[in-house]
Amino acid sequence: MFDVFQLFHQIKKRFARRDVLLGFVLVCVYLTTRLINLDKFPIFADEGIYIRWATTAWHDASWRFISLTDGRQPLQTWGTIPFLKLFPNQALLAGRLFATTTGLVGLVGMFTLCYYLFGKKAAYWGSLFYIFTPYFLFYDRMALMDSGVNAAFIWILFFSIVLVRTVRFDVALIFGMVAGLALLAKSSVELFIGLSIFAPLLVVNGKGKPALKKITNFLILFFLVVALATVIYNVQRLSPYMHFITLKNATFVKSLAVFVKNPLDGVVYHLQAIPEYILIESGYLLPFIGLAGLILLIEKQRRLGLYLLIWLILSYLIIALFSIVLYPRYVNFIAALLTISAGYLMTKVNRKIAAVLIAAYVFAVAYFDYTIVVDFSHIPFPAIDRGQYISGGSAGWGARAAVDYARQQAQTKPVLILAQGDFGMAADVLRAFVRPGDNVEIKGFWPLDKAILTNYQKELSEKKIFVVYVYQNSYPPDLPLTLIKRYPKPGGAVSLDLFALTP
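Taking the numbering used here, I'd label the letters of the sequence shown as residues 705 to 1207.
Take a look at the structure:
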């Protein structure tokens, strides 16, 4: 029977006032690192898409599953809507607050998991590593789903351990609901649920019948978890576009048939790239602390250590073998796994070693964290992410300024912006900065050529028309355009160019 007073009694029994204060400080530090300059980092092309989906779903209930038109699950769309209602004039801030919220869920999960496995001290260390590791800091500040996937990983791992140890029906129900909700975030969550099948390793004790009985009961309850998660996942069948998920997944993950035909395609690169991404974006030191902690854990608590090692190795191999497209954000959960074992290690070393490790960790992440929060153009990303977020065509430097200029011009006459590209960059990115009531309309075209520009010249008598290009460095001299402002991106290779359409 549920008893809220008993729950509070257990919490009070385990956590003193000092612990409550420390927990409050952790949350405050987390929010400070995530909220400072949250909407100042240049918008990423994918963020523009997701914000448009959420805005459309907010205003038109028939489009609540709009993300499925591109094969994306709808959780981020739904989760962003409340923030859009709170900040209707700051859509980018609203979109990123969703990720900050899922990051907070991940932080609570990290504390809970480390406390459950290793005790209070490990929970504090794991939480501190989570707060200051650049990998988590960056994606908790972006309007992407990867922060939520990381949180899903932590909680699914937690409930897999709790379920096999307790074999309780109520735990299975909660686990199933968490897994089902996570499946509405991203298809990669299926990997975490699948790896949970190895949880019986934690109760194999060589005593034969008692262990077999517990494993059998776990498998029955785990079947219930999967069934409940599947029911929740199938809410997407309310939309006629659910089948697009499979089509979208095929562009990122090899099907079994494709894998069998060429099993080694891209594998060597992925085997090298995954640890490189984790190492760089974690600030270099955390993965080593985590690996050392995992080795120690295998020595001290063999079954638990092996269970975490299975998650680490199988995740690494499955992603390396089956990925078609691989970005660092797709493997940030592996850094979270190493954060758990890093928190464990800090509770087992003496104070001198702990002090050295913390000093080295702070030195390793300080500059990285500073650039993420303040000095965006110098974030020391690996090349693939620097191209995405900082210097490439998908980085939205100048988008806010271009819309601000259009808004100012619209005070005297309606404004139409013709944007190069209608999916992500540039139209969706520009739309993220248009406020309700602005007399500014944005239309995206690909390609945006002379014929389209000429076609819109006839509307110059009724409105001001501006043109935004993001994928060109040179322009034919006969285009009816006058350059207003060029917004270069760090590195100078590409820019966002704002023009006025001329008669």
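Beta carbons are placed, not taken as given, at the ideal position from N, Cα and C, and that holds for glycine. Quantities reported herein were computed from a predicted structural model and do not represent experimental measurements.
When the beta-carbon positions are compared, L1202 and A1131 stay at least 8 angstroms from each other.
For T1186, the three-state secondary structure derived from DSSP is strand.
Counted as a single uninterrupted DSSP element, the beta strand (DSSP E) harbouring L1120 occupies residues 1119-1124.
Partner residues in the beta bridge of F1149, as assigned by DSSP, are Q1124. For F862, the enclosing alpha helix (DSSP H) starts and ends at 850-870.
For Y734, same chain residues with a beta-carbon under 7 angstroms away, outside a window of 5 residues either side, are L808, L811, I835 in chain order.
One alpha carbon belongs to E1003, the other to D1079, and they sit about 42 angstroms apart.
Here the segment 738-751 makes contact with the segment 1119-1134; the two share three or more CB pairs at distances below 8 angstroms. In the structure shown, F927 falls within a helical segment according to DSSP collapsed to helix, strand and coil.
Per DSSP, reduced to three states, the secondary structure at K825 is helical. Ranked by Cα distance from W1101, the first of D723, T773, T781, Y1173 is Y1173. At a Cβ-Cβ threshold of 8 angstroms, V929 and F879 count as neighbours. Fully enclosed alpha helix (DSSP H) runs of no fewer than 4 residues occupy 971-985, 990-1004, 1006-1026 of the segment 970-1031, in order along the chain.
Secondary structure of D1201 (DSSP, three-state): strand. Per the C-alpha coordinates, the member of R718, I993, R721, R756 positioned closest to R1139 is R756. Inter-residue distance for M1050 and I865 is about 22 angstroms (C-alpha atoms, whole angstroms). With contact defined as three or more Cβ pairs closer than 8 angstroms, the segment 1060-1071 and the segment 1014-1031 are not in contact. Sequence-distant partners of F896 (beyond 5 residues in either direction) whose C-beta falls short of 6 angstroms from its own C-beta, in its chain, are F857, I860.
If only uninterrupted beta strand (DSSP E) runs of at least 3 residues are considered, none is enclosed by the segment 873-955. Annotated as proximal: A855 and G813, with beta-carbon spacing under 8 angstroms. DSSP places P1086 outside both helix and strand once states are collapsed to three, so it counts as coil. Non-local C-beta neighbours of A826 in its own chain, meaning closer than 8 angstroms and more than five positions away in sequence, comprise C818, Y819, G1047, Y1048, M1050, T1051, ordered along the chain. Taking all protein chains shown into account, D844 has 16 or more neighbouring C-beta atoms within 10 Å of its C-beta and is therefore buried. If you draw a straight line from the Cα of L772 to the Cα of V939, it comes to about 12 angstroms.
Here V1077 is buried: its Cβ has 16 or more other Cβ atoms, across all protein chains shown, within 10 Å. Residue A1063 holds the alpha-carbon nearest to the alpha-carbon of L989 among L1187, A761, A1063, P1180. Here D1153 is actually not in contact with A1114; their C-beta atoms are around 26 angstroms apart, not less than 8 angstroms. With contacts defined as CB atoms closer than 8 angstroms, Q780 and G884 fail to qualify as a contacting pair.
In this structure I1038 is buried. Its beta-carbon is surrounded by 16 or more other beta-carbon atoms within 10 angstroms.
L1000 and L1030 have their alpha carbons spaced roughly 31 angstroms apart. A residue is called buried once 16 or more other Cβ atoms fall within 10 Å of its Cβ, and Y1011 is buried on that count. Counting only residues of its own chain and dropping the five nearest sequence neighbours on each side, A903 has a CB closer than 6 angstroms to the CB of S864, V868. Residue burial annotation: D1182 is exposed, with fewer than 16 other C-beta atoms found within 10 angstroms of its C-beta. At the C-beta level, S1165 and G1128 stay beyond 8 angstroms of one another. DSSP lists L1200 as the bridge partner or partners of Y1191.
Note that the C-beta distance between I1028 and T955 is below 8 angstroms.
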